[in-house]
Each structure stands twice: as C-alpha cells, then as structure tokens.
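Visitor: Sharing a structure, written as structure tokens. Questions coming.
In my numbering, the protein residues as written are 1244 to 1454.
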C-alpha cells in the first residue's frame, strides 16, 4: 500500500514536470519572431561633401522597438566579420534615427569627405527579442553611378529553419542580413532540455531508492 502511494506521487511529479516542460517550450516558440527590410541594399551616388539620402522600410510580424547601428569595411564584402570599422575612419558622416519602431520608414543620409567607393551595413536589432535585420550600404562619390538594387529582403520560413543556429545570415544575392529571434528560443530550449535530463536522473534515483 505504501509502495503504491509512493509510486503514485512519483508519477504525479513526473506529470507535473512534463507539463512544466511543455509550458517552457511553448514560451520559447512564442518568443521567436521575424524582421525584414526593403530594399535590402541602399546605394548613395553623388559627389564628395554632398548630403545624399535614401529610405529603408523596416517591418515585422510583431511590434518592437529597434536600435540602429552601422559598421563599415575597407573592401566590398558579404562577410559581416569584415565590417569592423566606424564611419568616421573613412571620412563618412551617416545620419538616421537610432531608435525606431517596426513597420517604419527610416531616412538614411550620408556625406563623405573624399571621392571613392565605401561599403557598410546598417543593422536594426531588438535587445528584448534578440533579433534584427541588416541592410547593405554602398556609397559612390565621384559620379560612377552605381546601379541601385531593388531586391526585397523578406523573411521566409525556410531560411529560419536552415539558419536558426547562426547569429548572422549573409546571402550572396544581396538579400538582407538577418539574425533571428529563434536563437533565443534555441538557447532556452537547450537549457530546458538539460533541466529535463536532470529531473529524469533524479526521478530514477528516487525510484531505485524506493525499490
């Protein structure tokens, strides 16, 4: 009789732990959300010391406050690790709202001291959601008339599934650079899995002690 009572309590504990795991896992899935921007590349063409402006639209399936930041490279590259410079190091002044809401149009203006081509990336990220979207920046000062890209950078379910473990996603076809809220979900899922393993071990230990 005592054994049946103990077994019942153990089964009840396991059931409660399973429910807890399910709730935590559901919370993880809710945290994932998507961001996008269009166009995926802004091209600024003009003369040195000329203020040039372009617009980019940032959108999301959930409302969020985003923080903007820009990074620059000494050469044209689609590898984000090469973008480690500040605009001032190239004599570039860039202006945009550092804090924006999703589903907003952001005006980006640049001004360069010297002629030449310059390459940057503008990233809008959400600290709360651990997700963001990036737009390539290309500046041509001196009348070279770079062709403007009209490519749309829109999230798709496939890219999220394939790249959920990467912080940054950079596509050669000049789609947006993206890092995902799924990352937060993955980290939480790992912690939840470890917790579940520990609970199962503890359950087996108690069961063996009863026997």
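Backbone N, C-alpha and C fix where the C-beta goes; we use that ideal spot for every residue, glycine too.
Predicted, not measured: the structure shown is a model, and the values here were computed from it.
When DSSP builds the beta bridges, which residues end up paired with residue 1363?
Guide: 1315, 1380
Visitor: Near residue 1294, which residues of its chain fall below 8 angstroms by C-beta distance, leaving aside the five closest residues on each side in sequence?
Guide: Counting only Cβ-Cβ distances below 8 angstroms, and skipping sequence neighbours, we find 1352, 1353, 1354.
Visitor: Given residue 1358, which residues of its chain have a CB within under 7 angstroms of its CB, disregarding the five upstream and five downstream residues?
Guide: 1291, 1384, 1385
Visitor: Can you find the residues in the same chain that come closer than 6 angstroms, C-beta to C-beta, to residue 1314, ignoring five residues on each side of it along the sequence?
Guide: 1326, 1364
Visitor: Taking only the alpha-carbon atoms, compute the straight-line gap between residue 1348 and residue 1335 and give it to the nearest angstrom.
Guide: 22 angstroms
Visitor: Taking Cβ positions, are residue 1375 and residue 1339 nearer each other than 9 angstroms?
Guide: no
Visitor: Mind reading off the beta-carbon distance from residue 1368 to residue 1323? Whole number of angstroms is fine, and I expect it under 8 angstroms.
Guide: That pair is no contact at about 13 angstroms.
Visitor: Could you check what DSSP says for residue 1297 in three-state terms: helix, strand or coil?
Guide: strand
Visitor: Let me know if residue 1399 comes out buried or exposed under the rule of 16 or more other beta-carbons within 10 Å of its beta-carbon.
Guide: At residue 1399, the pLDDT of 30 sits below 50, so the modelled position is not reliable; the number obtained from the coordinates is stated separately. Within a 10 Å sphere around the beta-carbon of residue 1399 sit fewer than 16 other beta-carbons, which makes this residue exposed.
Visitor: Can you pull the DSSP bridge partners for residue 1328?
Guide: 1315
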